[in-house]
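Chains A and B, in that order, give the protein sequences.
Offset between the first sequence (1-based) and this note's numbering: plus 13.
Offset between the second sequence (1-based) and this note's numbering: plus 13.
Heads up, the beta-carbon is just placed ideally off N, CA and C, and yes, glycines get one too.
Report on the following structure.
2 protein chains.
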Amino acid sequence: MDASDNPDSAKPPARSPRAGYRTTGPVTLRTIAEQAGVHPSTVSRALKRSAGGDETARRIREIAAELGYRPDAAAASLRTRRSGAVGVLVHRLTDVVQAILFEAIEQTVLELGYQAIVANTYDDPDEQQRRVELMLARRVDGLILADAHTDLTYVDWVDSLEIPFVLVNRHAGDYPSVTLDDYLGGRLAGSHLADLGHSRIAVLGGLPHSSASTERAAGCLNALRERGIEVDDDAVETTGLDASTGREGMRRILDRRPDITAVFAVNDFDALGAVIALREGGREPGADVAVVGFNDVPVAEAAQLTTVRSPHATMGSAATRMLMDVIDGRHVQSMRLSPELIVRATSCPPPSP
Amino acid sequence: MDASDNPDSAKPPARSPRAGYRTTGPVTLRTIAEQAGVHPSTVSRALKRSAGGDETARRIREIAAELGYRPDAAAASLRTRRSGAVGVLVHRLTDVVQAILFEAIEQTVLELGYQAIVANTYDDPDEQQRRVELMLARRVDGLILADAHTDLTYVDWVDSLEIPFVLVNRHAGDYPSVTLDDYLGGRLAGSHLADLGHSRIAVLGGLPHSSASTERAAGCLNALRERGIEVDDDAVETTGLDASTGREGMRRILDRRPDITAVFAVNDFDALGAVIALREGGREPGADVAVVGFNDVPVAEAAQLTTVRSPHATMGSAATRMLMDVIDGRHVQSMRLSPELIVRATSCPPPSP
DNA sequence: ATGAAAGCGCTAACAA
DNA sequence: TTGTTAGCGCTTTCAT
Numbered sequence: 014m015d016a017s018d019n020p021d022s023a024k025p026p027a028r029s030p031r032a033g034y035r036t037t038g039p040v041t042l043r044t045i046a047e048q049a050g051v052h053p054s055t056v057s058r059a060l061k062r063s064a065g066g067d068e069t070a071r072r073i074r075e076i077a078a079e080l081g082y083r084p085d086a087a088a089a090s091l092r093t094r095r096s097g098a099v100g101v102l103v104h105r106l107t108d109v110v111q112a113i114l115f116e117a118i119e120q121t122v123l124e125l126g127y128q129a130i131v132a133n134t135y136d137d138p139d140e141q142q143r144r145v146e147l148m149l150a151r152r153v154d155g156l157i158l159a160d161a162h163t164d165l166t167y168v169d170w171v172d173s174l175e176i177p178f179v180l181v182n183r184h185a186g187d188y189p190s191v192t193l194d195d196y197l198g199g200r201l202a203g204s205h206l207a208d209l210g211h212s213r214i215a216v217l218g219g220l221p222h223s224s225a226s227t228e229r230a231a232g233c234l235n236a237l238r239e240r241g242i243e244v245d246d247d248a249v250e251t252t253g254l255d256a257s258t259g260r261e262g263m264r265r266i267l268d269r270r271p272d273i274t275a276v277f278a279v280n281d282f283d284a285l286g287a288v289i290a291l292r293e294g295g296r297e298p299g300a301d302v303a304v305v306g307f308n309d310v311p312v313a314e315a316a317q318l319t320t321v322r323s324p325h326a327t328m329g330s331a332a333t334r335m336l337m338d339v340i341d342g343r344h345v346q347s348m349r350l351s352p353e354l355i356v357r358a359t360s361c362p363p364p365s366p
Numbered sequence: 014m015d016a017s018d019n020p021d022s023a024k025p026p027a028r029s030p031r032a033g034y035r036t037t038g039p040v041t042l043r044t045i046a047e048q049a050g051v052h053p054s055t056v057s058r059a060l061k062r063s064a065g066g067d068e069t070a071r072r073i074r075e076i077a078a079e080l081g082y083r084p085d086a087a088a089a090s091l092r093t094r095r096s097g098a099v100g101v102l103v104h105r106l107t108d109v110v111q112a113i114l115f116e117a118i119e120q121t122v123l124e125l126g127y128q129a130i131v132a133n134t135y136d137d138p139d140e141q142q143r144r145v146e147l148m149l150a151r152r153v154d155g156l157i158l159a160d161a162h163t164d165l166t167y168v169d170w171v172d173s174l175e176i177p178f179v180l181v182n183r184h185a186g187d188y189p190s191v192t193l194d195d196y197l198g199g200r201l202a203g204s205h206l207a208d209l210g211h212s213r214i215a216v217l218g219g220l221p222h223s224s225a226s227t228e229r230a231a232g233c234l235n236a237l238r239e240r241g242i243e244v245d246d247d248a249v250e251t252t253g254l255d256a257s258t259g260r261e262g263m264r265r266i267l268d269r270r271p272d273i274t275a276v277f278a279v280n281d282f283d284a285l286g287a288v289i290a291l292r293e294g295g296r297e298p299g300a301d302v303a304v305v306g307f308n309d310v311p312v313a314e315a316a317q318l319t320t321v322r323s324p325h326a327t328m329g330s331a332a333t334r335m336l337m338d339v340i341d342g343r344h345v346q347s348m349r350l351s352p353e354l355i356v357r358a359t360s361c362p363p364p365s366p
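Now the structure itself:
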């Protein structure tokens, strides 16, 4: 583990001759062609189909491997007009939901022989534009936007660029998208709380520009209304995506409405923040107050949080395949996946008076 | 929000003539040169220095903007042998620490006129190699590895590639790195628990191949030993990076050692998992049992978790600058940043017998 | 099946 | 300052 057995480790990177065939400089098709005594174009063809072929092809591939040949993506891209890369724009990767989405997208994209390039836009329109421009400069073959706003300025602009793209996680307009049925998810949460017998319910509503947030809240509110339960405006707060905003929002609601017996947060981190604020206020979630979150992020199970599960990995890979269809000019149709209610220990009936 | 006011939104991407100068096909330097009546190389030069210049340069930039010119990064890269991209390899982005690091790296890299490309390797050697190879195919100008293993196979191999690289978050061998002084951080945690009066302490030790995990645990153990406090092997568990592994590890320790009065976890999510396991075991963290985590991730404050703060954003941007130094052939020296103990509500003395 | 030749868009000599 | 020329490494006609 000490570096003393590795005396070269501190040396700065420097060009130096290597063993084997290699003499100097980078290995290109021409290098291989010279070694093999054939034309570069023959090497190109032999390397294209990675298996099979005749005697010559096999020899060429052997030499290429021996020399440590690495195809130059830039050169290929320049020639073919395809970069083999797709751009992914997310709100921000410190939001674990976006990170899960990206991991799924990356994996699917790799399976299909592409590479994924991700950019954080922080939901800021200037940053969205800047990052899309950079993606275009890299000549990505398509774009997956996880950061669409319900306001169409952004997505309409991307559409005008005439680059293939799909939306994921949030929908906007009727551009092709893969999303959860967030409205239904909100309904599941609202119905669950109503079934438990609650009637004084608080809502932590998330980001106003995100279809995911607004539809979850709307679904919950409508499901409650159908049961004759009204959620007053002073029991609703908009929040961000982390526990601190959820905690603060919950505190404000508790100040105004100490009588509430249940909370629905449109994402799990806000729900965890609410759990903390409730404990600070002397109430035990799952005993005195019911809490329902949304997403079923990894920490939710450990926290025993009732939540609405969203199949983020499935969404990511479905969006990737949909993008490939758009790239290939096939017809695509937006998908809405189904949410699932996961009941855990933070569910409880209202305390008996 | 409905698409009826946006009848074009559903149409598949298709080449179509646009307004203004543009006639057909993509806009290249030649297109602009023809419009301006100059040679393409003149356009290239005029566009390079984005401000100032004479009359001609100004006119050229105007035309470029009007035509919506987007430089082709692949073509420039092919010519200059520099891609303007740096590769970032992380354990996985769903680990919020890695996501924070990447956000900082991305931002710094953008300020310096580069673009960042990130890859999840899941700490798997095969994946590490595969993703580095893909980075090389993209001809990245340098690599930032956040997923180094203490076993040197991986980093030695990267070194043999003769591409500039630095390590961040974990160090290995004596390759240039920006890390926290994890050992000292562990000592802070251990000393804190000893100061509170604890002597029966459990440790959740993280990933064995990560210098960050092992040194944090070692620092804690050594600080305790110096005070005459031994941590028995049956009070130690290795864990992953999320709350569920922390919860399980804590449960196993509680089964064997119900007498422990304090826990140190080498990362906050394991600590949160421990908090949950303790509550399930009928003990209140911060009252019956002290819990100390590590990293000070965003949720830690909301959870009132005592922890050791690591300046991840600073680490990310320092590593980026260090990489630039390596790329430019300047001498660099590894950095170790200082941890800071953040005392919150999960700190408490042992219960009086 | 292989070779020859051209060219993707850009930049960096060099020349004027 | 501007134009000329050449070429980065690759793919893809076309001809053999």
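- Item | Short CB-CB distance (under 9 Å) between P84(B) and chain A | It does; some Cβ of chain A falls within 9 Å.
- Task: Less than 8 Å between the CB atoms is what I'm expecting for G262(B) and A284(B), so what's the real figure, rounded?
- Result: Wrong, their Cβ atoms sit about 11 Å apart, outside the cutoff.
- Within the chosen definition, does the region 168-181 of chain A reach the region 338-348 of chain A through at least 3 CB pairs nearer than 8 Å? The region 168-181 of chain A is in contact with the region 338-348 of chain A.
- Which runs of the alpha helix (DSSP H) spanning at least 4 residues fall entirely within the region 66-135 of chain B, listed in chain order? The qualifying runs are 68-80, 86-93, 109-124.
- Query: Name the DSSP beta bridge partners of R322(A), please?
  - Reply: Paired residues: N308(A), E353(A).
- With a cut-off of 9 Å, does the C-beta of A87(A) fall near any C-beta of chain B? Under the Cβ distance rule, A87(A) counts among the residues neighbouring chain B, one pair being separated by less than 9 Å.
- Could you tell me which residues DSSP pairs with M348(B) in its beta bridges? Per DSSP, V191(B).
- Query: Just reading off the alpha helix (DSSP H) that V145(B) is part of, what are its end residues?
  - Reply: Bounds of the alpha helix (DSSP H) holding V145(B) are 138-150.
- V171(B), enclosing alpha helix (DSSP H) - first and last residue: Residues 166-173.
- Return the chain-ordered list of same chain residues with a C-beta closer than 6 Å to the C-beta of P366(B), the five sequence neighbours on each side being excluded. Within the same chain, P366(B) has no close Cβ partners at all.
- Query: Any chance the region 110-128 of chain A sits against the region 103-111 of chain B, with 3 or more Cβ pairs inside 8 Å?
  - Reply: At 8 Å Cβ cutoff, the stretches touch.
- Message: Can you confirm whether R35(A), when its beta carbon is compared against all beta carbons of chain B, has any partner nearer than 9 Å?
- Response: Confidence in R35(A) is poor, its pLDDT being 39 and thus under 50, which makes the residue's placement unreliable; the coordinate value appears in the next sentence. Cβ-Cβ to chain B under 9 Å: no for R35(A).
- Query: Given that R260(A) touches chain B, what residues does it touch there, using C-beta distances under 8 Å?
  - Reply: What R260(A) touches in chain B, judged by beta-carbon distance under 8 Å, is A315, going in chain order.
- Message: So, at 6 Å on beta carbons, what are the nonlocal neighbours of T319(B) in its own chain, with the 5 sequence-adjacent residues on each side left out?
- Response: Around T319(B): V305, V356, R357, T359, S360.
- Starting from L267(A), follow its DSSP beta bridges and name the residues at the other end. According to DSSP, which records beta bridges pairwise, L267(A) is partnered with nothing at all.
- Cα-Cα separation, R152(B) to T93(B): C-alpha separation (whole angstroms): 11 Å.
- Is it the case that the Cβ atoms of R213(B) and T274(B) are separated by a distance below 9 Å? Yes.
- Close beta carbons around A231(B), own chain, < 7 Å, minus the five adjacent residues each side: The beta carbon of A231(B) is closer than 7 Å to those of Y196, G199 in its chain, skipping five residues each way along the sequence.
- Message: Between which two residues does the beta strand (DSSP E) holding L254(A) run?
- Response: First-last for L254(A): undefined, no H or E at that position.
- Count the other CB atoms within 10 Å of the CB of N133(B); is the residue buried (16 or more) or exposed (fewer)? Result: buried.
- Between the region 86-120 of chain A and chain B, which residues of the former have a C-beta closer than 7 Å to a C-beta of the latter? Cβ contacts with chain B come from A86, A87, A88, S90, L91, S96, R105, L106, T107, V109, A112, I113, F115, E116, E119.
- Message: Between the alpha carbons of S327(B) and L193(B), how many angstroms are there, rounded?
- Response: It is Thr, not Ser, that sits at residue 327(B) in the sequence shown. C-alpha separation (whole angstroms): 10 Å.
- Message: Distance check for P189(B) and W170(B), CA to CA, integer angstroms please.
- Response: Cα-Cα distance, rounded: 15 Å.
- Query: In whole angstroms, what separates the C-alpha of A202(B) from that of L354(B)?
  - Reply: Between A202(B) and L354(B), the C-alpha separation is close to 7 Å.
- Item | 8 Å Cβ shell around A225(A) - same chain, five flanking residues per side excluded | Listed in chain order, the non-local C-beta contacts of A225(A) below 8 Å within the same chain comprise N182, R183, T192, L193, D195, G219, V279, local neighbours out to five positions each way being set aside.
- Query: For D139(A), is the classification buried or exposed, using 16 other Cβ atoms within 10 angstroms of its Cβ as the cut-off for buried?
  - Reply: Only exposed fits D139(A), as fewer than 16 other CB atoms lie within 10 angstroms of its CB.
- Closer than 8 Å by beta-carbon distance: list the chain B residues that pair up with T152(A), in chain order. In the sequence as presented, Thr is not what sits at residue 152(A); that position holds Arg. Correct list: D85, A86, A87.
- Message: If contact is defined by three or more beta carbon pairs under 8 Å, each pair taking one atom from either stretch, is the region 282-296 of chain B in contact with the region 238-258 of chain B?
- Response: As far as the Cβ criterion goes, the region 238-258 of chain B touches the region 282-296 of chain B, which means the pair count is three or higher.
- Which residues, in order along the region 228-259 of chain B, keep a beta-carbon less than 7 Å from a beta-carbon of chain A? Residues passing the 7 Å Cβ filter: D255, A256, S257.
- Whole angstroms is fine: what's the gap from Q48(A)'s alpha carbon to I76(A)'s? For Q48(A) and I76(A), the distance between alpha carbons rounds to 8 Å.
- Item | Residue range of the unbroken alpha helix (DSSP H) whose run includes A316(B) | It is not in any alpha helix (DSSP H) - A316(B) carries neither H nor E in the DSSP assignment.
- Query: Since A287(A) is in the alpha helix (DSSP H), which residue starts that stretch and which ends it?
  - Reply: For A287(A), the uninterrupted alpha helix (DSSP H) segment begins and ends at 281-293.
- Nonlocal neighbours in the same chain, by C-beta distance under 6 Å from A98(B), ignoring five residues either side: Cβ neighbours of A98(B) beyond the five flanking positions: Q128, I130, V153.
- Please confirm if A132(B) has its CB atom under 9 Å from at least one CB of chain A. A132(B) counts as touching chain A.
- Item | Nearest candidate by alpha-carbon position, reference S54(A), set L80(A), A89(A), G81(A) | Ranked by how close their Cα comes to the Cα of S54(A), the residues L80(A), A89(A), G81(A) have A89(A) in first place.
- Under the assumption that S351(B) contacts A117(B) (Cβ atoms under 8 Å), give the Cβ distance between them as a whole number of angstroms. Their Cβ separation, rounded to whole angstroms, is 17 Å, which puts S351(B) and A117(B) out of contact at 8 Å.
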